[in-house]
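*Asks:* Mapping of the sequence shown onto UniProt numbering: position 99 corresponds to residue 99, and the numbering continues sequentially without gaps.
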Amino acid sequence: MTSLRMTGIGDTEGLKQASPAKEVAGEATGNLDTDAVYGAEESFGASLRRMRRASGLTASEFATAVGVSIPAVCNWELGHARPRPKRLARIADVLGVNSCDLVGSSRTGTLTETVSRVRLEIAQLAGVAPERVKIYIEL
């Protein structure tokens, strides 16, 4: 069985964003550029800032509640870094939203389509049936 293990979503604080093509090829540096993959109108950082402000929290209050530094929050909101996946649940709790709202649940269809397309391409290159190509995304 041909298998591709994608572990691109990992410790993302302070790392540059990787392109989706490199992510699929397993050449990423630990980031998944979700805005590029999903074609989002609002970036993760802009969405985070909007939700934080709607919650009435300053960056300092938010950082303290989440357990990170103020520069980490600023980097997330500016799009220079992404929070670690394990922090997403805490961020969602602090903002009073669910994790899907935080990362954009409407984007799921596009991700599914991308994974299906890439699975087919990998299968063709490997000379196997698409059902035999397994793609894992660790969160």
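Here a beta-carbon is modelled for each residue, glycine too, at the ideal position from N, C-alpha and C.
Quick check on the DSSP output: the alpha helix (DSSP H) that includes N75 runs from which residue to which?
*Replies:* Per DSSP, N75 belongs to the alpha helix (DSSP H) from 70-78.
*Asks:* Any contact between the segment 47-63 and the segment 71-80? By contact I mean 3 or more CB pairs, one from each, below 8 Å.
*Replies:* Contact between the segment 47-63 and the segment 71-80 is present, because at least three Cβ pairs lie under 8 Å.
*Asks:* Are there 16 or more other CB atoms within 10 angstroms of the CB of L125, so buried, or fewer, so exposed?
*Replies:* Classification for L125: exposed.
*Asks:* Between which two residues does the alpha helix (DSSP H) harbouring S47 extend?
*Replies:* Counting along the chain, the alpha helix (DSSP H) containing S47 begins and ends at 44-54.
*Asks:* Cutting at 8 Å between CB atoms, please list the residues of its own chain near A92, excluding the five before and the five after it.
*Replies:* Closer than 8 Å at Cβ, skipping near neighbours: N98, S99, D101, L102.
*Asks:* Which word fits V66, buried or exposed, when buried means at least 16 other C-beta atoms lie within 10 angstroms of its C-beta?
*Replies:* Buried, because 16 or more other Cβ atoms sit within 10 Å of the Cβ of V66.
*Asks:* Is it right to say G127 is buried, meaning 16 or more other beta carbons lie within 10 angstroms of its own, or is it exposed?
*Replies:* Under this definition G127 is an exposed residue.
*Asks:* What separation, rounded to the nearest whole angstrom, lies between the Cα atoms of G96 and T112?
*Replies:* Distance between the alpha carbons of G96 and T112: 27 Å.
*Asks:* Rounded to whole angstroms, what's the CA-CA distance from V133 to S116? Just pull it up for me.
*Replies:* Taking the straight line from one Cα to the other gives about 10 Å.
*Asks:* In whole angstroms, give me the CA-to-CA distance for S47 and E121.
*Replies:* Each residue's alpha carbon lies about 33 Å from the other.
*Asks:* Determine the closest residue to T64 out of T114, R90, P130, with distance taken between C-alpha atoms.
*Replies:* Residue R90 is the option with its Cα nearest to T64.
*Asks:* I'd like the list of long-range same chain contacts for R119, defined as Cβ closer than 7 Å, with 5 residues on each side in sequence excluded.
*Replies:* Within the same chain, R119 has close Cβ partners P130, V133, I135.
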